[in-house]
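Participant: Handing you this structure, nothing more for now.
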Amino acid sequence: MKTSTPTEARAVIDNTTPPKKIQFRKLWQTFGPATIFLAVFLMISAFNPNFLTSGGMGIVATLSAPILMVALGQAIVLNVGSIDLSNASMSLLGAILLALALPNFGVTSPIIILLVTTAFGIFNGFFVAYTKVPSFALTLGTLGIFQSGALVFSNATAVYVSDNKDFLGHLHTTKLAGAPTTFFIGLAMAVILWFVLRYTKVGRGMTAIGLNETGAVYSGLKNRGLKVVAFGISGFMSGLGSLVIIAQSGSASPNGLGSDLLLPGIAAAIVGGTSILGGATNPINVVFGALTVSMIPIANAVLGVNAQAQSLVYGLAIISIAALMLNGSRSGIVK
Amino acid sequence: MANNNSGTISPSANTASISNRINWRRLAEPSALIATLFALIIIFSILNPRFASVENLRNLMDQAALPLIIGVGATLVILLGSIDLSIEGIMGSAGLAFVLLSANSRSESDFGLLALLAALLTGIIFGLLNGLIVTKVKVPSFVVTLGMWFVGLGFATVLYGTETIPVLTNPEVSSWSSTLTFGAPNSFWAAVFVVILGVITLILTKTGRSIMAIGNNEVIARNSGIRVDRIKITVFALAGLLSAVAGIIAAIKLGSGSPSVGLGSLFITIPAVVIGGTALAGGKGGVLRTALGVLLLTVLNNGLILAGVSPSFQSGLAGAILIAAIVFAAWSQRDRLRIAK
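So the protein sequences, as listed, match chains Z and C.
By this note's numbering, the letter at position 118 of the first sequence is numbered 118, and the numbering carries on one by one without gaps.
By this note's numbering, the letter at position 99 of the second sequence is numbered 1099, and the numbering carries on one by one without gaps.
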């Protein structure tokens, strides 16, 4: 009996909060992402009907592919209550390594890169889980290391894939309903991760840690191992991000495509209904989040806002949605 | 929590030996840092004789100035147990606001000191927003300030617009930072001034003591009547103000306006604060310790470049040092039940 006390305590607290707010949060987490997506979509279509007829959604899907990859990884890490600030730089470093590896190792190089980035993720997770340092500080550190790695391996210039780039390029050029294969790979990953989170022991365990880590430990969950898995998944998804970058542009550079994926990735995860405090995410909704975030530049252009002000919108979106979801949900200490 | 003073609780112990022991402990960490600093200086002087030249000393002072100024604000925020990631965004906005309102190549209008005030106010407003959202809406500071980082960058980009680069045209303004006073660049004196103010605030004022109390144990601080929210908002606003000061000096150094004027600042400041020995959990550390951390990192970066190491390694080195410092600090508390997000 004693071991279940924390979970019970939590249940009691949940019962005392007004049911209306819980309902709102539940509703938001289920339907919010799709609703926001539809709203932005309709707004763009209303202001600019060409968006529908000239394959605008195909472009959005293409833009969203790399964001979707890092966002899914971020959602898994956020779900255990941590954050991974290094995942975008990991993608970029992976893309540069992939560009360098492709001429030599050919078809096996994507697998090598996926292994490498997964190892990076496990490295992050290992430090967070076993040395108990705050994840934002640790991943800020690894972000710096990966950035340096990207600069060093690329000699601070663009690396072009000199050979064997076609088979990855097909992922970008082969299209279904206007959207590239890369987007569908992301979609498939979202479904797989959704399944893992809903129906496997590992997935349920990760969500439990995000909801109440102390409770999870007392219930016998291996909190440290599960955190390593979460960061490992983030690393793997970053590796897929690397593949998308190379497939789309055939080159990688420290300040080219993919160098500013961090914020769109977090924004997509949060717009996709992922709780910043952990314990709530739905990878399928993250797909809507990624699509919405990719439409922001287009929406900016349609509304006549300076297109370069994107980061302003992303920043505001992160703060306001985090605020909206947290409002009234916690009364304790906020660091 | 990170609390070294637990020994003082026991009333039976000999007071003299306790104060002795605490003093040693307090001195050990900074002494190790100072020793490392001297070791680095000696090594780099041997590797490249130019390192120890007067000219490079001025360089070092100039390079240390910005992280010193930002570091004071970052230390106060971290002492609360919070974090401020919005530094680079605020620097961009404030720096650009200053350039656009001073005499520049885009417009004739020169608002003089008002430009300075407007830029500082920009920083304060961003900081106030950070503090208000953290305390009133209860969003964790790393999320708020991460968002504000990019809001600041976006705001700066909007200010920048699509016209030509705004270059500072008044030579008195654009040369201010590198002008020597008593042998040291003005930017360094500004930093010294800020550090001294920071030390006084933290050690001698009620606000400063409250910051330490909140970082140590927020519940006790609140229960003993400290206005926790007000202090937190003040600290975030102060941090915003200092980021703005740094942004203005950075813009003056560059001689023109750019949204990315603060690029890389976060990467020197946070590691410097942590290396100095300020705990990310809050309540332990100080401004002078951060100053030591900044000097150490500045000497390291400058020395490595003079020794012929590519600048590409800089952020990686800072990152590795950050990881080593936080892991070292958290090592004794890595209990399985301890929750680290």
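All residues carry an ideal CB built from backbone N, CA and C; glycine is no exception.
(1) Between the region 258–273 of chain Z and the region 163–177 of chain Z, do at least 3 Cβ pairs fall closer than 8 Å?
(2) Pull out every residue of the region 1131–1148 of chain C whose Cβ sits closer than 8 Å to any Cβ of chain Z, in chain order.
(3) Going straight from the alpha carbon of residue 312 of chain Z to that of residue 75 of chain Z, what length do you get?
(4) According to the neighbour-count rule (16 or more other Cβ atoms, all chains shown, within 10 Å of its Cβ), is residue 155 of chain Z buried or exposed?
(5) Whole angstroms are fine: how far does the CA of residue 1076 of chain C sit from the CA of residue 244 of chain Z?
(6) In chain C, what lies closer than 8 Å to residue 97 of chain Z by C-beta?
(7) Examine the Cβ distances between the region 202–210 of chain Z and the region 85–100 of chain Z and report whether three or more of them are shorter than 8 Å.
(8) Spatial neighbours of residue 121 of chain Z within its chain, please: C-beta separation below 6 Å, excluding the five flanking residues on both sides.
(9) To test your reading of the DSSP string, which unbroken beta strand (DSSP E) runs of 3 or more residues are found completely within the region 183–252 of chain Z?
(10) Between residue 117 of chain Z and residue 238 of chain Z, which are expected to be in contact by the criterion C-beta below 8 Å, what is the C-beta distance as a whole number of angstroms?
(11) Is residue 159 of chain Z helix, strand or coil when you go by DSSP?
(12) Keeping to the same chain, check which residues put their C-beta closer than 7 Å to that of residue 1176 of chain C; ignore five residues upstream and five downstream.
(13) Identify every residue that forms a DSSP beta bridge with residue 179 of chain Z.
(14) Apart from the five residues just before and just after residue 168 of chain Z, which ones in its own chain have a Cβ nearer than 6 Å to its Cβ?
(15) Is it true that the CB of residue 278 of chain Z sits closer than 8 Å to the CB of residue 63 of chain Z?
(16) I want to see whether chain Z comes within less than 8 Å of residue 1150 of chain C, judged by CB atoms only; does it?
(17) Mind pulling the chain C residues with CB within less than 8 Å of residue 148 of chain Z?
(18) What's the call for residue 1206 of chain C, buried or exposed, on a 16-neighbour Cβ count within 10 Å?
(19) Give me the Cα-Cα distance between residue 349 of chain Z and residue 1257 of chain C, rounded to the nearest whole angstrom.
(20) Can you list, in chain order, the stretches of the alpha helix (DSSP H) that have 4 or more residues and sit fully within the region 18–68 of chain Z?
(21) If you compare alpha carbons, which of C/1315, C/1031, C/1310 and C/1047 is closest to residue 1263 of chain C?
(22) Helix, strand or coil: how does DSSP classify residue 1137 of chain C here?
(23) Give me the chain C residues within the contact set of residue 152 of chain Z, using Cβ-Cβ distance strictly less than 8 Å, ordered along the chain.
(24) List the residues of chain C that residue 142 of chain Z touches, going by C-beta distances under 8 Å, in chain order.
(25) Is it a yes or a no for the region 1153–1168 of chain C touching the region 1041–1057 of chain C, going by three-plus beta-carbon pairs under 8 Å?
(26) Counting only Cβ pairs nearer than 7 Å, list the residues of chain Z close to residue 1155 of chain C.
(27) So what's residue 1256 of chain C in DSSP terms, helix, strand or just coil?
(28) Is it the case that the Cβ atoms of residue 1240 of chain C and residue 1123 of chain C are separated by a distance below 8 Å?
(29) In the DSSP assignment, find the unbroken alpha helix (DSSP H) run with residue 1119 of chain C in it and report its ends.
Facilitator: Well, looking at it:
(1) no
(2) 1133, 1134, 1135, 1137, 1138, 1139, 1140, 1141, 1142, 1143, 1144, 1146, 1147 and 1148
(3) 22 Å
(4) In summary, residue 155 of chain Z is exposed, with fewer than 16 beta-carbon neighbours lying within 10 Å of its beta-carbon over all protein chains present.
(5) 42 Å
(6) By Cβ distance, chain C contributes nothing, its closest Cβ being about 15 Å from residue 97 of chain Z, past 8 Å.
(7) As far as the Cβ criterion goes, the region 202–210 of chain Z does not touch the region 85–100 of chain Z, which means the pair count is below three.
(8) 231, 232, 234 and 235
(9) none
(10) 5 Å
(11) strand
(12) Cβ within range, chain order: 1186 and 1252.
(13) Z/176
(14) Answer for residue 168 of chain Z: 246 and 247, listed in chain order.
(15) no
(16) yes
(17) 1312, 1313, 1314, 1315, 1316, 1317 and 1319
(18) exposed
(19) This structure gives no information on residue 349 of chain Z, because the portion of chain Z shown stretches from 1 to 335.
(20) You should have 19–47 and 50–53.
(21) C/1315
(22) helix
(23) Within chain C, 1310, 1312, 1313 and 1316 have C-beta atoms less than 8 Å from the C-beta of residue 152 of chain Z, given in sequence order.
(24) 1319 and 1323
(25) no
(26) Simply 312.
(27) strand
(28) yes
(29) 1113–1132
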